[in-house]
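Enquirer: Below is one structure. I have some questions about it.
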Amino acid sequence: MMISDTVSHLETMARQIRRDIITMIYQAGDGHPGPSLSCADLVTALYFAIMEVDPANPQWSRRDRLILSKGHACPAVYAALARKGYFDLSELPQLRTLGSILQGHPDMLKTPGIDFTSGSLGNGISVGLGIALAARINGLHYHTYVITGDGELQEGIIWEAAMAAKHYQVGNLIVFVDYNGIQSGGRTEEISGLEPIVPKFEAFGWHCQVIDGHNFTEILTAVANAKATPAIPSVIIANTIKGKGISFIENNNAWHKRVPTKAEWEQALQELGG
Amino acid sequence: MIKYANTRVAFIDSLAELADKNPKIVLVCSDSSKVIRADGFKAAFPDRFIDVGIAEQNAVACAAGLASCGLIPVVATYAGFITMRACEQVRTFVAYPFLNVKMVGANGGIGAGEREGVTHQFFEDLGILRTIPGITIVVPADASQVSKAVEAVVNVPGPVYLRIGSGRDPVVLDSDLPFELGKIRHLQVFGDDVAILANGHTIPRALAAAKRLYNSGIKAAVVEVHTLRPLDTEGIVAILEKTGAAVTVEDHNIIGGLGSAIAEVIAEKVPVPLARVGLRDLFPESGEAEKLMDAYGLSVDDICNACRQVLARKEGRSA
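Which chain is which? The protein sequence lines are G and P, in order. Under the numbering used here, read the first sequence as residues 107 to 380, first letter to last. Under the numbering used here, read the second sequence as residues 10 to 328, first letter to last.
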């Protein structure tokens with residue numbers, strides 16, 4: 107398949123996943139639309155073009171892994187897993203309801219395809235380090251992907267893990283920073299600024315790239331570049347828009363966690379092409 | 010004369026022996042390789058030794074990642090740095106996904122932290138972990154028990170916490186005694202006037218107290234409770250039904266640890282008078298182990314007095 111075909115396919119899938127996100131949050135009556143829409147393209151690229159996985163065998167030992175460090179964005183991953191065939195689409199509206207396989211934040215024991223429990227911010231790179239080191243010990247060659255938010259880079263453990271990942275030269279660890287510039291309480295630069303972010307990771311010895319996190323060609327190219335530098339861990343700073351794809355949610359932090367009304371849901375679906 | 014043997018060496022030697030047979034065992038340190046005497050392990054298994062530096066949260070979360078791929082990581086450092094510094098990683102990323110991470114905490118209790126002072130004396134570890142679901146919690150009596158307990162816990166699925174000492178740890182039990190996870194052990198039974206339930210390096214004090222009480226006509230039963238989870242509720246109820254009075258002895262805050270665990274059993278199953286001997290909800294200070302324990306409420310006299318007090322309550326008179 108030509109790369110342009112792949113990109114076109116991913117764009118279609120990402121629109122579907124955005125529809126799933128807003129619909130499940132609307133139907134379930136709870137969830138985080140802004141953060142989920144922000145990383146929807148990264149998640150789509152990973153599950154539908156990058157990661158080698160087997161939905162029929164979620165525990166396959168050689169599979170690539172994803173840790174969603176920003177666990178509150180799990181509607182994006184739940185939608186991708188359902189679309190990939192890990193479980194039935196009818197599970198999606200059960201999000202956050204009693205007895206559901208879809209917990210408020212990812213639970214590796216309850217949801218097929220979730221590689222690691224997450225939701226408490228800052229821990230994904232550290233867990234990813236362990237999973238990447240396990241590949242070495244077990245003689246396997248999978249890649250470990252982590253999606254962190256930008257705000258959670260304020261957690262100290264992020265930098266503990268960044269230091270150790272370089273020390274152990276885990277080239278099979280690839281981290282995306284979903285850099286939308288907004289955290290729960292407001293703009294990251296106003297709360298506790300992250301900039302300059304690239305020199306920080308470079309100083310920790312990581313391979314760094316900055317991309318448009320909504321451009322599939324850039325996402326795929328960045329991952330290919332990261333894989334081509336096998337001796338050190340890679341970070342891909344993905345510039346994103348919180349709430350991307352739905353006009354009235356984009357860059358509006360009131361939608362960090364909010365449920366759409368029926369009218370808002372219908373408008374969102376219309377903007378996302380039905 | 011007290012004999013000493015090193016619980017840290019006992020742990021690492023036992024782990025190395027197991028690692029030789031089991032390629033899934035990985036040791037994870039946070040600049041704690043000297044603390045737990047890991048040089049030999051590191052030399053023997055360089056590919057299964059990970060030191061993330063002075064970063065306990067990272068050590069525990071990284072171990073959780075390793076465990077999710079079928080390995081058996083053993084995180085070993087000072088007790089408080091696992092259970093307090095990395096408490097949330099233990100709770101959310103090890104216990105909640107029920108991962109096969111083994112955690113070994115040194116300097117458990119003031120007797121083990123002794124001269125280091127409060128920053129390195131850990132007497133809250135057991136209470137903290139008892140509130141987190143699913144973690145097996147073990148306080149072995151001494152070095153030979155640690156050796157056997159390590160093998161037992163490596164073979165138990167899911168998260169485990171094993172408390173060890175300073176490296177200068179009293180020999181408490183006959184080295185031939187087995188270790189049976191999840192079971193209490195009757196160490197010395199003079200009679201059924203009162204049960205003294207103890208663990209770790211407080212056991213010699215409990216035994217000395219029982220002997221002294223015997224000489225004054227009080228017949229105590231000394232019981233070791235080395236596993237706080239799963240707690241041997243049945244065994245504890247059986248002994249307390251016989252004695253009708255209980256004293257707990259632990260090198261831990263009297264809140265949260267053995268004393269609390271026994272109090273819970275007593276309140277729900279077998280209401281008998283109880284006195285808890287341990288640290289009385291305060292911060293201690295630096296000092297030599299035996300003197301420190303004497304000074305902070307863990308003396309043989311303190312145990313004897315506690316026994317007399319519960320006996321008086323059992324018999325409905327004032328002590």
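Where a beta carbon is used, it is the ideal one built from N, C-alpha and C, also for glycine. Only a predicted model underlies this, so the values are computations on that prediction, with no experimental measurement involved.
Look up Ala25/P in the DSSP assignment and say whether it is helix, strand or coil.
Expert: Counted from its first residue, the second sequence places residue 25/P at position 16. In this structure, Ala25/P counts as helix in the three-state DSSP scheme.
Enquirer: In angstroms, rounded to a whole number, what distance separates the CA positions of Cys316/P and Met112/P?
Expert: Within the second sequence, residue 316/P is the residue found at index 307, counting from 1. Within the second sequence, residue 112/P is the residue found at index 103, counting from 1. Each residue's alpha carbon lies about 34 angstroms from the other.
Enquirer: DSSP state of Gly311/G, grouped into three classes?
Expert: Along the first sequence, read from residue 1 onward, the residue named residue 311/G stands at position 205. Note: Gly311/G maps to coil in three-state DSSP.
Enquirer: For Lys348/G, count the other beta carbons within 10 Å of its own beta carbon; 16 or more makes it buried, fewer makes it exposed. Which is it?
Expert: Numbered from its first residue, the first sequence carries residue 348/G at position 242. Result: buried.
Enquirer: What does Met222/G touch in chain P if you count any residue whose Cβ is under 9 angstroms from its own?
Expert: By 1-based counting over the first sequence, the position of residue 222/G is 116. Per the sequence shown, residue 222/G should be read as Phe rather than Met. Here the neighbours are Ala73, Gly74, Ser77, Phe102 and Pro106.
Enquirer: Identify whether Leu239/G lies in helix, strand or coil by the three-state DSSP scheme.
Expert: Taking the first residue of the first sequence as position 1, residue 239/G is located at position 133. DSSP places Leu239/G in helix when its eight states are reduced to three.
Enquirer: Alpha carbon to alpha carbon, how far is Ala334/G from Thr294/G? Give it in angstroms, no decimals.
Expert: Here residue 294/G refers to the residue found at position 188 when the first sequence is read from its first residue. Here residue 334/G refers to the residue found at position 228 when the first sequence is read from its first residue. Just so you know, the alpha carbons of Thr294/G and Ala334/G end up roughly 31 angstroms apart.
Enquirer: Compare the C-beta of Glu294/P against all C-beta atoms of chain G and say whether one is closer than 8 angstroms.
Expert: Along the second sequence, one-based indexing puts residue 294/P at 285. Chain G contact via Cβ: absent.
Enquirer: Name, please, each residue of chain G whose Cβ falls closer than 9 angstroms to the Cβ of Val35/P.
Expert: Working through the second sequence from its first residue, we reach residue 35/P at position 26. Here the neighbours are Leu239, Ala240 and Ile243.
Enquirer: Please name the residue in Val18/P, Glu125/P, Gly74/P and Asn109/P whose C-alpha comes closest to that of Ser295/P.
Expert: The residue labelled residue 295/P in the question sits at position 286 within the second sequence. Checking every option, the nearest Cα to that of Ser295/P belongs to Glu125/P.
Enquirer: From Ile193/P, Ile312/P, Ala254/P and Thr236/P, pick the residue whose C-alpha is nearest to that of Leu320/P; which is it?
Expert: The count along the second sequence starts at 1 and reaches residue 320/P at position 311. Looking at the Cα atoms, Ala254/P is the closest of the given residues.
Enquirer: Kindly list the residues whose CB is nearer than 6 angstroms to the CB of Gln130/P, restricted to its own chain and excluding five residues on each side of it in sequence; keep chain order.
Expert: Reading the second sequence from its first residue, position 121 is the one you call residue 130/P. Only Ile119 and Gly122 meet the Cβ criterion.
Enquirer: I'd like the span of the alpha helix (DSSP H) that includes Asp48/P, first residue to last.
Expert: Counting from 1 along the second sequence, the entry for residue 48/P is found at position 39. Taken as a continuous stretch (DSSP letters only), the alpha helix (DSSP H) holding Asp48/P covers Asp48 to Ala53.
Enquirer: Where in the region 198 to 262 of chain G do unbroken runs of the alpha helix (DSSP H), each at least 4 residues long, occur, reported from the N-terminal end onward?
Expert: 230 to 244
Enquirer: From the DSSP output, which residues share a beta bridge with Gly114/P?
Expert: Against the second sequence, residue 114/P aligns to sequence position 105. Gly114/P is bridged to Thr86/P and Arg172/P.
Enquirer: Does DSSP put Thr335/G in a helix, a strand or coil?
Expert: Numbered from its first residue, the first sequence carries residue 335/G at position 229. In the structure shown, Thr335/G falls within a coil segment according to DSSP collapsed to helix, strand and coil.
Enquirer: Checking 8 angstroms against the spacing of the C-beta atoms, do Ala150/P and Val181/P come in under that value?
Expert: As a first step, residue 150/P is located in the second sequence; it is residue number 141 there, counting from the start. As a first step, residue 181/P is located in the second sequence; it is residue number 172 there, counting from the start. Yes.
Enquirer: Since Cys180/G is in the alpha helix (DSSP H), which residue starts that stretch and which ends it?
Expert: For the purposes of this step, residue 180/G is taken as the residue at position 74 of the first sequence. Element bounds for Cys180/G: Cys180 to Lys190.
Enquirer: Using a cut-off of 8 angstroms between C-beta atoms, extract the partners of Glu266/G located in chain C.
Expert: Absence of chain C from the displayed structure is noted, the protein chains being G and P.
Enquirer: What does the alpha-carbon distance come out to for the pair Ala207/P and His235/P?
Expert: Numbered from its first residue, the second sequence carries residue 207/P at position 198. Numbered from its first residue, the second sequence carries residue 235/P at position 226. Spanning the two alpha carbons is a distance of roughly 8 angstroms.
Enquirer: With a threshold of 8 angstroms between beta carbons, is Leu138/P in contact with chain G?
Expert: Residue 138/P sits at position 129 when you count from the first residue of the second sequence. So no, Leu138/P is outside the interface.
Enquirer: Can you tell me which residues form a DSSP beta bridge with Glu266/G?
Expert: To locate residue 266/G, count along the first sequence from 1; it is residue 160. Per DSSP, none; premise fails for Glu266/G.
Enquirer: Can you tell me which of Leu172/G, Ala185/G and Asp170/G puts its alpha carbon nearest to the alpha carbon of Ile128/G?
Expert: Numbered from its first residue, the first sequence carries residue 128/G at position 22. The residue with the shortest Cα to Cα distance from Ile128/G is Ala185/G.
Enquirer: Using the beta-carbon of each residue, which ones in chain G are nearer than 9 angstroms to Arg57/P?
Expert: As a working mapping, residue 57/P is identified with position 48 in the second sequence. Ordered by position in chain G, the residues that pass the 9 angstroms Cβ test against Arg57/P are Ile243.
Enquirer: At the level of alpha carbons, what is the spacing between Phe54/P and Pro302/G?
Expert: Along the second sequence, read from residue 1 onward, the residue named residue 54/P stands at position 45. Along the first sequence, read from residue 1 onward, the residue named residue 302/G stands at position 196. Taking the straight line from one Cα to the other gives about 40 angstroms.
Enquirer: Leaving out five residues before and five after Ile207/G in sequence, what residues of the same chain have Cβ atoms less than 8 angstroms from its Cβ?
Expert: Position 101 of the first sequence, counted from the first residue, corresponds to residue 207/G. Here the set comprises Phe193, Glu197, Gln200, Lys216, Thr217 and Pro218.
Enquirer: Would you call His320/G buried or exposed, if buried means 16 or more other Cβ atoms sit within 10 Å of its Cβ?
Expert: Along the first sequence, read from residue 1 onward, the residue named residue 320/G stands at position 214. With 16 or more other Cβ atoms within 10 Å, it is buried.
Enquirer: Who are the Cβ neighbours of Leu116/G in its own chain at under 7 angstroms, not counting the five residues just before and after it?
Expert: In the first sequence, counting from the first residue as 1, residue 116/G sits at position 10. Once the five neighbours on either side are set aside, the close Cβ partners of Leu116/G are Thr150, Ala151, Phe154, Ala155 and Phe322.
Enquirer: Quick one: Cα of Pro161/G to Cα of Ile237/G, how far?
Expert: The count along the first sequence starts at 1 and reaches residue 161/G at position 55. The count along the first sequence starts at 1 and reaches residue 237/G at position 131. The straight-line gap separating the alpha-carbon atoms of Pro161/G and Ile237/G is approximately 19 angstroms.
Enquirer: Quick check on the DSSP output: the alpha helix (DSSP H) that includes Arg124/P runs from which residue to which?
Expert: In the second sequence, counting from the first residue as 1, residue 124/P sits at position 115. Counting along the chain, Arg124/P falls outside any alpha helix (DSSP H), and DSSP gives it neither H nor E.
Enquirer: If you measure between the beta carbons of Val35/P and Ile63/P, is that distance less than 8 angstroms?
Expert: Your numbering for residue 35/P matches position 26 in the second sequence. Your numbering for residue 63/P matches position 54 in the second sequence. No. Outside cutoff.
Enquirer: Please state whether DSSP places Ala304/P in a helix, a strand or coil.
Expert: To locate residue 304/P, count along the second sequence from 1; it is residue 295. Three-state result, Ala304/P: helix.
Enquirer: Anything in chain P within Cβ reach of Leu235/G, meaning under 7 angstroms, just list it in chain order.
Expert: Against the first sequence, residue 235/G aligns to sequence position 129. Here the neighbours are Cys71 and Gly74.
Enquirer: Let me see if you follow: with CB-CB separation under 8 angstroms, is Leu259/G close to chain P or not?
Expert: Stepping through the first sequence from its first residue, residue 259/G is reached at position 153. By this cut-off, Leu259/G is not an interface position.
Enquirer: With distances taken between CB atoms, is the gap from Ala341/P to Ile312/P smaller than 8 angstroms?
Expert: Residue 341/P falls outside the range modelled here, since chain P spans only 10 to 328, and no answer is possible.
Enquirer: Which stretch, first to last residue, makes up the beta strand (DSSP E) that contains Leu288/P?
Expert: In the second sequence, residue 288/P corresponds to position 279, counting from 1. Here the beta strand (DSSP E) through Leu288/P covers Leu283 to Leu288.
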